[in-house]
Every structure is written in structure tokens, then in C-alpha cells.
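Notes follow once the structure below has been shown.
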Amino acid sequence: MAKANEFQDLADREYQYGFVTQIDTETVPPGLSEDVVRLISARKNEPQFMLDWRLQAYRHWLTLEAAQAEPKWANIHYGPIDYQAIRYYSAPKNRPKSLSEVDPELLAMYEKLGVPLKEREILAGVAVDAVFDSVSVGTTFKEKLAEMGIIFCAFSEAVQDHPDLIRKYLGSVVPYTDNFFATLNAAVFSDGSFCYVPKGVRCPMELSTYFRINAAETGQFERTLIVAEEGSYVSYLEGCTAPMRDENQLHAAVVELVALENAEIKYSTIQNWYPGDKNGRGGIYNFVTKRGKCAGRNSKISWTQVETGSSITWKYPSVILQGDNSIGEFYSVALTNNYQQADTGTKMIHIGKNTRSTIISKGISAGHGNNTYRGLVQIQPNAANARNYSQCDSLLLGDKCGAHTFPYIDVRNHTGVLEHEASTSKISEDQLFYCKQRGISAESAVSLIVSGFCKDVFKKLPMEFAVEAQKLLGVSLEGSVG
Amino acid sequence: MLEIRNLHVAVEGKKILAGINLTIQAGEVHAIMGPNGSGKSTLAQVLAGHPSYEVLEGTVLYEGKNLLEMSPEIRAREGVFLAFQYPVEIPGVMNFQFLKAAVNEVRKHRGLEEMDAMDFSSFLDEKVKLVEMDQGLLNRRLNEGFSGGEKKRNEILQMAVLEPKFAVLDETDSGLDIDALQSVAAAVNQLRTPNNAILLVTHYQRLLNYITPDFVHVLFNGRIVKSGGKELALDLEARGYDWIREEAVSL
């Protein structure tokens, strides 16, 4: 019979995506230098402006490193990262020209992950740009989207085919000087996704990228840029997994979103990077900078994230509300189990008049997990009648985990209205017993409570992904109760 | 249906039950009465399998099977139900959703097909009418912000939907005003069948005015010190528990 501590022995279920794919890859030796930056740029046959930008970033990063400017303020703990021990480039050899040339083993892996890359996705209406280690291996639906003037391709391809757009928007939301990890990314990023939706076009399908880190000791530094022109709309989803490895791997990505007048971007993430084993060994350091700019009037940017993976998550998808009447939203579920740590939240920077923002954050801690919400709401002097609503809820499973909330509020215009609600609840033995007495097992009870807890966020996800997110949460919590 | 033999139970190292013997047949309603601290609720909790209660000695057979070996959820699926004295709030879970999950767990266990939301909804409608509960409570979070009376009525609703063979009602009368008491009792009476049994745990006699027990037992210091018919409850009402105390001491 279950004893007093129902919550010990968390997550005996192994990580499901921990397989390694045997594919010929081209990698550079570990280490970071100007030569490596030049090599990455040369491999990608980049125009001069890209190389210049990378080198500027690299030189800036050296000053940051010398100043020991790696951010230390987050509520996370890890040993020093040896940046010279990381490989900064890894790519499958023989880059395919089309999907039919893609290595069958790679396609089989995507099957295993459930990435719809072939006919299935036509039915599902999902266009996928799959990023494997550092280069994009195939983009579906490109032609169909192209008919509408939508560009959806690998970042490296966009550099070749649409250099003017890249030049105009790259670094316009997250400059290469932004922060230590964003600077590192700017110097060495190898690929990512690019999306451009022209004026007045409503993208008819969910666009999706699936990221995966395969090669050992490889940091994945992808960079995503989405530009929504006047009056356009796009919904974008990224999903992430990585194989099981004992050493930690760094993932320092940058995502930039630009929404012009009356445009809307909806960006959803399901992050399931390898979280490390149940003793806290291995796992991904997910240090990511995501920011959107509502550049035009009446524009809207909405971030939805379900973070269940990574040993450490450090990310704050933010919105700069520059255009008048623009709207920023952040909906987040972050789960930390075993020894996972998450310090995540958002920044809503109100610059324009009548700007509105909503923050709904749900943190779930189990095992020895530590979950921190950190968020800034800033209302600048010209942001008359700005409004913000924030809600931060924490749910604790067991008595060895932690939940923390750090809301920062900075108001410089007296017409602003802010609301902040927060709650912390704990699933108690008595609640579990009550459910069991009704025939519901502890595991089902936890999953009922957790999905109820996350409902406000899940309903913001595209339908099919909401189901996936719910399942993922169930798997991540399996074994969290005795 | 239920056979308790020489049951000794401790909680946090303190012995509460000291040799309970009780046999309950299908179709019977038994009432356990007794002063505060006599062990009434402990008996209710241990039958349901609460992990904080440690069985030191004794056996409990339920339909010929060893009840004490079953996990709480198996007991529930096998038809043992406890209406809690203090129903807990379950955050974020809708009452309707909870009831449906519980019913389907029990149905699965009994080899029946699970009910979908539509079927369950019409099944539930009848039960809600039977216990005269406010329909609106179905779409609220389970027990969150429910009044004391609403919680108790909701417990009886759960009993109605789960159709247990053996139900323990732990102080279901506490916190109910007289009108609510009458209507809850009426619902319980409708749930009585020749095939199920009910154990009422209560401090006061007043519940027994509306649910007539076949047997009344008085619990004192962890033992049943007196058993009788429904008239024993009236005696207790008239004379209090002191004479029981005296009798027990002289035993």
C-alpha cells in the first residue's frame, strides 16, 4: 500500500526520444575562434554582410566573455560551461536537393518522432521545416506557400535567395549585442527557419519546424526570423527533442518576430529536449532568447510555450509593444521534474498608446525540480492607457520541489492599469486519497489535476498540438506519484 | 458482505481501534454512534484504505475477499464507497469531469464499456435529480467554494453515480440544516437496495430519524460496547453517552 510519501521515485519512465541516428556528418573540431566563424560562413557560402555581422558578434562576445558577462542572475545552478569544448558546426554530408534525396534513416527518425514529413502532413495541413543539427534537411509545402507569396525556408536558404529581407530584419529585434547567449548565437548560428508573409496574406496552414540535436558535443545554435507584413497572419509551431547523452549540451537559439501594422503572429513551442536522467545527469541547457516586436499599429504577437524538457531552461519570450493598440500575449506551461530547473517568463514592453498585454504562466514542479517565473511588465512614459493582466500559478507535487515567482513591474505612465494574480497550490495526500476513493488512480488523479491546471494555456495551442502537449505532460509526470 | 474481526488500528503510533467486531449483510443499514474521539471516523477511513491508518491486527473480509490487501482505488472499484466527513477541494478539476472519470474507472474494472460525455450526461441528469442537487455545481471545480451542505450533497451524488455495494457515510449529517438533512436522507433511502449495505457514522441521532437503521452500535474507546436496534439510538438521544461510559468502565 502507498505510504506517507506518495511522491518519491519520480519519472522512472525513460526519455522516449533518446535514440541516436547513424548518419554521416561533417563536423568541425571542438572550439571557438574567428576561424570557426569564418568556416561556418564559408560553408554556407554567405554574402559578405553576413560574415561581417558574425565577426562583429564574435568580437563582441570575446569582450563579454572577458568581462565574465554570462548571465548569473537567474535562479538556476550549473557548473561553468567550457565554450572551447563545444563543436560549433555539424551537418549531414551530401545535402539533399529535395525530400526524395533525404537520407532514409533520417526520414525514419522523423517518423519515429512523429514529424509529419510526407503525405500525411498534406492531410494534417502542416508544413514542416526540419532542422537536423545545423542544417535544414527539407521543407515541405514550400511551393504551395510560394504561390501565395509566403516564404518559408531554411535560414541559410533565405540568406542566399532573399538577402535583402535578411539584411533588413536580422538583429532588428534581438541585436547581436543583446545578451551573452544571443551574441554567441549571432556569431556561430548555423541554420534555422525563415518565414515571410506578404501584405494582406493569411497563411492557410500551421507552419512547423522540428528541431533535433543529434551529434554529440554539438551545440545547436539556430536562429529563426518571422516577418509578418501589413495585415497578414501566421501561426508557427516548433517542437524540439534531443537524444539521451550523459554530458550536458548547450542550445542557445534566437527567435525574432516582426509584426507590422494589423499583422498577427502566433508562435507556439513544445519543448521536449532531453531533460537529463532522474539523478540530474546530462540534459540540455536551453538558453534561448525569443522576442517579438509589434512594430505596427494594431499588431499582435502571441507566444505559447509548453516546456517539459531540458535540464535547464532559461528563456523569456517577450513582446515589444511599439505600435499603438498593439497586443502582446504570453501563455506558458513549464514543468520541472527530477532535477530539472526552469527560470522562464516574459517581458512586455509597452511603448505605444493603448497597448495591451496578457501573461498566463503555469509552473509545475515535481521531484527535486525547481521552477521560477520571472517577468517584467514595463509601461514607458508615452504608453498612455496601457493595460496588463498577469496570472502566475504554481503547482507543487511532493515536498522536495520548489516554485518561485519574480514579477517586475515598472510603470512610468499614470494611466496604465495592471493586474497581477498569483497562486501556489500543492497536490496533497488527502486530495490523492479522495480521488483514489472514487476509483481514480494517483497517476490519473495527477493528470486530471495537471490538465485542469494547464487548461487556460492548452486552449491557446493549435488543436492537434494541444492533444500532444497533454500527452507529453502525462509522460513527463509518469511515476511522479507512488 | 462485510466481516470485521478483531480490528486494531493505530494512527501516528496511537492506538485508536482496539478490537472491532462487526458483520454487515447485504440489504442492511448499520449505524455507528459514539462520543467524539471514540474512533468512528478512524473506522470509516481504514475501511476506505487511508494510508495514514495502520492496521495492527485483525481482518476485514469484503465479499469473501481480504479488503485490507486492496489498494484504495481497487476497493472503490470493487464497490466500497466513503462519503467523506470533510470532502477535499480538487483544484482545476471540474465536478462533471471528475464524476465521469470515476464512473469510467469503475466501469472499466467491472468489464463495462466506458461512457462518452453524451451518455454520461444523461445518466448524470437522473442522479442529479435524485439527490436534488443544483445542476450548476456540475460545472464548478470539485468542492471549490461549495457550501458545507453542497459538499455533502455532492458526496451523495457521487454515491448515486458510482452505485457502490458497500457505502460508509461519515458524519454526512454534520453541517446540514434540517431541510437539507431531510432531502439528503431521502436520497440515501432511494439508494438502499436489497443488494447493498450502508454504514452510517454519526454523532447525533437526528439523521436516524430519516434513515432508519437495522442495527445501531455504540463505539467507545475503540470498541463496540453496545449493539441494538434503532431504539438504542433513541436511548442515546435521551440519556446521552455518559451511561455508556459507565457501562463500559464496569465491563
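Chains D and W, in that order, are what the protein sequence lines are.
Take the first sequence: its letter number 147 is residue 146 in numbering that gives the first Met the number 0, and every next letter is one higher.
Take the second sequence: its letter number 49 is residue 48 in numbering that gives the first Met the number 0, and every next letter is one higher.
For every residue, glycine included, the Cβ atom is placed at its ideal position computed from N, Cα and C.
None of these values were measured; they are calculated from a predicted model.
- Annotation: the stretch 147-193 of chain D contains the following complete segments of the beta strand (DSSP E) (minimum length 3 residues), in chain order: 150-153.
- Annotation: I225/D to E113/W spans about 45 Å, alpha carbon to alpha carbon.
- Here T41/W carries a helix assignment [DSSP, helix/strand/coil].
- It is roughly 17 Å from the alpha-carbon of E306/D to the alpha-carbon of H367/D.
- In the DSSP assignment, Q304/D falls within the unbroken beta strand (DSSP E) covering 299-306.
- Nearest to A47/W by alpha-carbon distance, out of N35/W, R76/W, T22/W, is R76/W.
- Non-local C-beta neighbours of S226/W in its own chain, meaning closer than 8 Å and more than five positions away in sequence, comprise F214, V215, H216, V217, ordered along the chain.
- With a threshold of 9 Å between beta carbons, S51/W makes contact with chain D.
- Only residues of its own chain outside the window of five on either side were considered, and among them Y388 have a CB closer than 6 Å to the CB of E418/D, listed in chain order.
- Taking 4 residues as the minimum length, the alpha helix (DSSP H) runs contained wholly in the stretch 52-79 of chain W are 71-76, in order along the chain.
- Using a Cβ-Cβ cut-off of 9 Å, D429/D counts as an interface residue toward chain W, since at least one Cβ of chain W sits closer than that to its own.
- For the options L180/W, V59/W, Q24/W, the alpha carbon positioned closest to that of L207/W is the one of L180/W.
- Annotated three-state conformation of E260/D is coil, per DSSP.
- G135/W sits in a helix when the DSSP states are folded into three classes.
- For a cut-off of 8 Å, the C-beta gap from E263/D to Y232/D is around 5 Å, short enough to register as a contact.
- The beta carbon of A444/D is closer than 6 Å to those of L431, C434 in its chain, skipping five residues each way along the sequence.
- In this structure, C453/D is the residue among E442/D, C453/D, N353/D with its C-alpha nearest to the C-alpha of D392/D.
- Contacts between R76/W and chain D, judged by CB atoms closer than 9 Å, involve G438 in chain order.
- Residues of chain W whose Cβ lies closer than 9 Å to the Cβ of L447/D are, in chain order, I89, G91, V92, Q96, F97, A100.
- Listed in chain order, the non-local C-beta contacts of K99/W below 6 Å within the same chain comprise F119, local neighbours out to five positions each way being set aside.
- Along the stretch 416-445 of chain D, the beta strand (DSSP E) occurs as fully enclosed runs of 3 or more residues at 416-426, listed in sequence order.
- For F452/D, the C-beta contacts it makes with chain W under 8 Å involve P90, G91, in order along the chain.
- For L81/W, the nearest beta carbon of chain D is closer than 9 Å to its own beta carbon.
- K399/D and E442/D have their C-alpha atoms roughly 18 Å apart.
- E221/D sits buried, since 16 or more C-beta atoms from the chains shown fall within 10 Å of its C-beta.
- Counting C-beta pairs with one atom in each stretch, the stretch 132-142 of chain W and the stretch 161-174 of chain W have fewer than three that are closer than 8 Å, which means they do not touch.
- Around the Cβ of S427/D, a 10 Å sphere holds fewer than 16 other Cβ atoms; the residue is exposed.
- Proximity to H202/W across Q96/W, D124/W, G36/W peaks at G36/W, based on C-alpha coordinates.
- When 7 Å is used as the limit between beta carbons, S424/D is near these residues of chain W: P90, in chain order.
- Residue range 47-65 is occupied by the alpha helix (DSSP H) that includes T62/D.
- DSSP places G148/W within a helical segment (H, G or I) once states are collapsed to three.
- The three-state secondary structure of K164/W, taken from DSSP, is coil.
- Here the alpha carbon of Y338/D sits roughly 51 Å from the alpha carbon of R191/W.
- Annotated three-state conformation of S121/W is helix, per DSSP.
- Closest in alpha carbon position to S424/D, among I89/W, K151/W, V28/W, is I89/W.
- The stretch 91-111 of chain W and the stretch 54-61 of chain W do not touch, with fewer than 3 CB-CB distances between them shorter than 8 Å.
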